[in-house]
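Undergrad: For the sequence shown, our numbering assigns the number 547 to the initial residue and increments by one for each residue that follows.
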Amino acid sequence: MALDFSTINGAVVGLRLQREEDNPEEWGRKNYSLVNVTFREFSQHYCEGAETVRDIYGHLSTGLAQITKHLQESRDSKHRVDLEGVATLALKAENIRNAIVPN
Numbered sequence: 547m548a549l550d551f552s553t554i555n556g557a558v559v560g561l562r563l564q565r566e567e568d569n570p571e572e573w574g575r576k577n578y579s580l581v582n583v584t585f586r587e588f589s590q591h592y593c594e595g596a597e598t599v600r601d602i603y604g605h606l607s608t609g610l611a612q613i614t615k616h617l618q619e620s621r622d623s624k625h626r627v628d629l630e631g632v633a634t635l636a637l638k639a640e641n642i643r644n645a646i647v648p649n
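(1) DSSP has Gln564 in a bridge; who is on the other side?
(2) Quick one: what's Val558 bridged to in DSSP?
(3) Specify the secondary structure class of Gly604 as computed by DSSP and reduced to three states.
(4) Once DSSP output is grouped into helix, strand and coil, what is the label at Thr598?
(5) Ignore the nearest five residues each way along the sequence and tell me which others in Leu606's own chain have a CB closer than 7 Å to its CB.
(6) Could you check the C-alpha separation between Val559 and Gly604 for me, to the nearest Å?
(7) For Glu619 and Thr608, I'd like the C-alpha separation in whole angstroms.
(8) Let me know if Arg562 comes out buried or exposed under the rule of 16 or more other beta-carbons within 10 Å of its beta-carbon.
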């Protein structure tokens with residue numbers, strides 16, 4: 547039985563990096579800001595098939611480990627890793643890890 551998160555879908559569960567428009571005064575640089583992530587936004591990717599919060603954390607940890615491994619092994623400029631995505635996953639993982647209460 548899947549978990550029912552309908553009562554907390556609007557709750558803020560963490561932060562993500564959001565890329566802003568290019569700063570015309572500093573050509574080529576991107577500005578980033580931290581924005582809130584609601585549980586609904588978060589759950590779309592990591593709650594499928596999860597029955598406990600630990601399952602969700604496991605899904606997230608696996609994704610982060612795969613991206614990190616790819617980043618470490620990639621020496622080819624054709625294989626670019628989305629650093630925004632890595633940072634966002636790391637923030638989500640940390641927020642969930644801190645929220646897990648031992649049973």
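Don't be surprised by glycine CBs; every beta carbon is placed ideally from N, CA and C.
Quick caveat: nothing in here was measured; it's all calculated off a predicted structure.
TA: The answer reads as follows:
(1) Counting from 1 along the sequence shown, the entry for residue 564 is found at position 18. Gln564 pairs with Ser579.
(2) Taking the sequence shown and counting its residues from 1, the one referred to as residue 558 is at position 12. BP columns for Val558 point to Thr584.
(3) Reading the sequence shown from its first residue, position 58 is the one you call residue 604. In this structure, Gly604 counts as helix in the three-state DSSP scheme.
(4) Along the sequence shown, one-based indexing puts residue 598 at 52. Reduced to three states, the DSSP call for Thr598 is coil.
(5) Locating residue 606 in the sequence shown gives position 60, where the first residue counts as 1. So the qualifying residues of the chain are Tyr592, Leu635, Lys638, Ala639, Ile642.
(6) Sequence index remark: in the sequence shown, residue 559 carries index 13 (1-based). Sequence index remark: in the sequence shown, residue 604 carries index 58 (1-based). The alpha-carbon atoms of Val559 and Gly604 are separated by roughly 16 Å.
(7) The residue labelled residue 619 in the question sits at position 73 within the sequence shown. The residue labelled residue 608 in the question sits at position 62 within the sequence shown. Each residue's Cα considered, the two are about 17 Å apart.
(8) Locating residue 562 in the sequence shown gives position 16, where the first residue counts as 1. With 16 or more other Cβ atoms within 10 Å, it is buried.
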